[in-house]
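Numbering (this note's numbering), first residue to last: 1133 to 1481.
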């Protein structure tokens, strides 16, 4: 984790409030009529401050990548607000959107498909300068590209090589260099190490931490690998079926999880120390419900061993649970559960 992030104070760079994205479901051939919607993201809220890393975790299909696309304006939100330095950017277009995108960049999941195989590394990293020519004069761009290659740990002499001449880890470094080209304040990293070997993952994560300290970057780090997320994140948001169900610091989430879904996720994480206390493995019952027809009340109730009648009737808010309302320290963090507790009551098997 970045020491800078732990000292982050003041107004957030990025504020997300009640973000919603529903994809319509239609029927008919000649006349298309709407018959429902896939609730990919449904009321997500969080803040991101300068120099901070917010880790976003959850199983596949929970809406993490859709959140990333909404923040980058690659998808238009159905509802909610996205504030960058206090300005709502959800409805921007044209020059205004182009200006904001200069300060919010993205590192993609797959280093093999996110780089154009017909372009040299120099052209790939330098392309942002063509879109934002005010950042670097034409005569200075080649020097800037070589500097970026050096910053991410690649030989500047590789500037004329093509993507196929690099390994997966090197390609991801090229993607990071492209993201840094415009000196952004926020980088959205969507599963940036999931396609890499474990040893290479560590190199890329360490690189991102070093760059964060050097440039004061804020990261939204999206991943499903809980070990990687804990290593790099200052705060963590756990998503399930389009919503954040628990959020807190890395210590609060990993050492004092209160939501049953978070407890189930963490119970599956291998513990490398044989003498360390291990959580009882929790096997969740059933499958993840369809986001086109989520359960009433709490969305996790159909797989939760604590579920009661209240869970089907009332959607629990993301707030400090009543049991911990007067507590201070790790126990007092937001959790969307009516019966939140630090330890699971029983196995869900």
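A virtual CB, placed ideally from N, CA and C, is assigned to each residue, including glycine.
Among the candidates the options, whose CA atom is the shortest distance from the CA of residue i?
| i | options | result |
| --- | --- | --- |
| residue 1373 | 1333, 1312, 1422 and 1349 | 1422 |
| residue 1377 | 1303, 1246, 1189 and 1163 | 1189 |
| residue 1367 | 1152, 1182 and 1440 | 1182 |
| residue 1412 | 1424, 1436 and 1396 | 1396 |
| residue 1388 | 1274, 1452 and 1209 | 1452 |
| residue 1220 | 1232, 1226 and 1227 | 1232 |
| residue 1154 | 1247, 1160, 1424 and 1143 | 1424 |
Go through its chain and collect everything with a Cβ distance to residue i's Cβ below 8 Å, but skip five positions before and after it.
| i | result |
| --- | --- |
| residue 1276 | 1258, 1261, 1268 and 1313 |
| residue 1165 | 1158 and 1159 |
Since residue i and residue j are thought to touch, with beta carbons under 8 Å apart, how far apart are those beta carbons, to the nearest angstrom?
| i | j | result |
| --- | --- | --- |
| residue 1300 | residue 1243 | 5 Å |
| residue 1352 | residue 1320 | 5 Å |
| residue 1253 | residue 1293 | 6 Å |
| residue 1385 | residue 1399 | About 13 Å; that fails the 8 Å criterion. |
| residue 1295 | residue 1305 | Rounded, the Cβ-Cβ distance is 12 Å, inconsistent with contact. |
| residue 1483 | residue 1324 | Residue 1483 is absent from the structure shown; the chain starts at 1133 and stops at 1481. |
| residue 1273 | residue 1288 | With 8 Å as the limit, residue 1273 and residue 1288 do not qualify as a contact, their Cβ atoms being about 13 Å apart. |
At the level of alpha carbons, what is the spacing between residue i and residue j?
| i | j | result |
| --- | --- | --- |
| residue 1171 | residue 1179 | 22 Å |
| residue 1418 | residue 1334 | 34 Å |
| residue 1281 | residue 1430 | 48 Å |
| residue 1239 | residue 1311 | 6 Å |
| residue 1285 | residue 1245 | 21 Å |
| residue 1485 | residue 1162 | Outside the modelled stretch of the chain, which goes from 1133 to 1481, sits residue 1485, for which no answer is possible. |
| residue 1297 | residue 1157 | 43 Å |
| residue 1236 | residue 1204 | 7 Å |
| residue 1150 | residue 1201 | 16 Å |
| residue 1227 | residue 1416 | 48 Å |
| residue 1230 | residue 1454 | 44 Å |
| residue 1136 | residue 1224 | Since pLDDT at residue 1136 reaches only 42, below the 50 mark, its modelled position is unreliable, and no value is offered. |
| residue 1290 | residue 1350 | 28 Å |
| residue 1440 | residue 1197 | 31 Å |
| residue 1365 | residue 1337 | 11 Å |
| residue 1402 | residue 1342 | 27 Å |
| residue 1251 | residue 1339 | 24 Å |
| residue 1271 | residue 1464 | 55 Å |
Could you check whether residue j and residue i sit closer than 9 Å to each other, using their CB atoms as the reference points?
| i | j | result |
| --- | --- | --- |
| residue 1442 | residue 1375 | no |
| residue 1317 | residue 1145 | yes |
| residue 1354 | residue 1329 | no |
| residue 1212 | residue 1177 | yes |
| residue 1215 | residue 1148 | yes |
| residue 1192 | residue 1356 | yes |
| residue 1456 | residue 1468 | no |
| residue 1345 | residue 1362 | no |
| residue 1175 | residue 1152 | yes |
| residue 1393 | residue 1432 | yes |
Leaving aside the five residues before and after residue i along the sequence, list all residues of the same chain whose C-beta is less than 6 Å from its C-beta, in chain order.
| i | result |
| --- | --- |
| residue 1379 | 1369 and 1466 |
| residue 1475 | none |
| residue 1234 | 1264 and 1314 |
| residue 1308 | 1239 and 1284 |
| residue 1448 | 1430, 1468, 1469 and 1470 |
Starting from the C-beta of residue i, find all residues in its chain whose C-beta is less than 7 Å away, skip the five residues before and the five after it, and write them out in chain order.
| i | result |
| --- | --- |
| residue 1434 | 1418, 1421 and 1427 |
| residue 1195 | 1172, 1173, 1371 and 1374 |
| residue 1247 | 1256, 1295, 1303, 1306 and 1307 |
At a Cβ threshold of 9 Å, is residue i touching chain C?
| i | result |
| --- | --- |
| residue 1319 | Note that chain C does not occur in the displayed structure, where there is just one protein chain. |
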